[in-house]
Amino acid sequence: MSDEVEIGRGKRGRRAYSLDDIALLPARRTRDPEDVNVGWQIDAYHAQIPIMAAPMDSVMSPETAIHFGKLGGIGVLDLDGLWTRYEDPEPILAEIAHLGEEESIARLQQLYSAPIQPSLITARLQQIREAGVIVAGKLSPQRTQQYWRTVVDAGVDLFVIRGSVVSAEHVSSRAEPLNLKRFIYELDVPVIVGGVCTDTAALHLMRTGAAGVLVGFGGGAAHSTRRSLGVHAPMATAIADVAAARRDYMDESGGRYVHVIADGGIGRSGDLTRAIACGADAVMLGAALARAKEAPGLGWHWGSEATRPDLPRGRRVHVGTSGSLEEILYGPSTRADGSLNFVGALKRTMASTGFSEVKDLQKVQVVVSPYSPSEN
């Protein structure tokens, strides 16, 4: 059966689904939630939970990255952000939290125009390393060639190259593009790269030697990409497509496994479980963690898309505060809206569907069930 629909006589489009459109079905066999394993292994690094913290200044500071790592996740620091541009970004973060709506984007553009200081990249990553947690740092594709050596020399464990769209075959008449295949091959650390939203683009990135691929484009709470560019990728379909590319690549490479990480649109605990059901190995949380008491955004959330000097494709949004980082990850929860106890929800879902390993949850039966606010 074709998954295409006719938009008009001259155009057809493929039907795609968001995470809200699908639901998991319980199984005949259930388990005790305390008997399931939610650990995640990527390359040589083991995390207690399959959750990464998004490299956004409203989510991660060196201190919150350390705290998040001690709670069992992997915190990724934005090495293009305020923490590598300013010796003390705390007053700037406080200023951003108190900006008026009309002036927020213009002021963000000004603040992020300050130059990146390589010495601060080194200092921030070494601070995380000294705490004894997994060290992960992110650069945009545009800045990777300039700063990658500083990042590697500082002792990063996982190198994240993250952009709105990252391809293995970027074409530019203005500058020599980053050759991901050659770059990743020559690096001594595992690389996670993205975002992508199609199986073809993902397969090309997997062929570069990446350890993980980020799935998502324009789906986060702070994005306005769909409104600005008309580009959007419903996450359930995007994850399932990239998971299929992973299967094809395993056949092609003789068994090499590339991790699929859902990045965007994971705002509630139910989104996490649905993302894994669609084929993700782990998720990257942004807005969900920006609601933490410890988050440097002070109840506000924004991404690098909002700071672009020529065409901002994001905005600063107020997400409020729902609890501490520990409560968001492990509870206890005093709410029924999915904003607290993400790990507890994952364990409960695995128990209800009969699976003992996170990887096995990818086998769960799902149905397409258009989201209704009354089900919230």
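Position one of the sequence shown corresponds to residue 558 (my numbering), numbered consecutively onward.
Just so it is clear, CB atoms sit at the ideal spot from N, CA and C, and this is done for glycine as well.
Just so we're clear, the structure is a prediction, and the values are computed from it rather than from any experiment.
Spatial neighbours of residue i in its chain, beta-carbon cut-off 8 angstroms, leaving aside the 5 residues before and after
i	result
D560	R571, R572
T679	T707, D710, A711
V595	Q605, I606, P607, V900, L903, K904, M907, V915
S913	R588, D592, V593, N594, M907
D756	D798, V799, A801, A802, D805
K850	T878, G880, S881, L882
Three-state class that DSSP yields for residue i in the structure shown
i	result
W859	coil
V923	strand
V772	strand
M609	strand
M617	coil
G871	strand
I673	coil
Y704	helix
G752	strand
K738	helix
CB contact flag (residue i, residue j, <9 angstroms)
i	j	result
L771	I833	no
V746	V799	no
I691	Y602	yes
A768	A604	no
R681	L634	yes
I662	L886	no
W859	D614	yes
Y704	P675	yes
Close beta carbons around residue i, own chain, < 7 angstroms, minus the five adjacent residues each side
i	result
Q702	L735
V817	V770, V772, I796, V799, A800, R803, G836, A837, D838
Residue i, buried or exposed, once every other Cβ within 10 Å from all chains shown has been counted against 16
i	result
T794	buried
V924	exposed
G567	exposed
K695	buried
Y742	exposed
P546	Residue 546 lies beyond the range of the chain shown here (558 to 933); nothing can be said about it.
A610	buried
L582	exposed
E862	buried
H624	buried
Minimum Cβ-Cβ distance from residue i to chain C less than 9 angstroms
i	result
D894	Reference to chain C is not applicable here, since this structure consists of a single protein chain.
Proximal residues to residue i (C-beta, below 6 angstroms), its chain only, five neighbours per side dropped
i	result
P866	Q666
A759	V753, V770, V799, A802
A671	R642
Option in the options with minimal Cα separation from residue i
i	options	result
S881	L855, P698, H655, G565	L855
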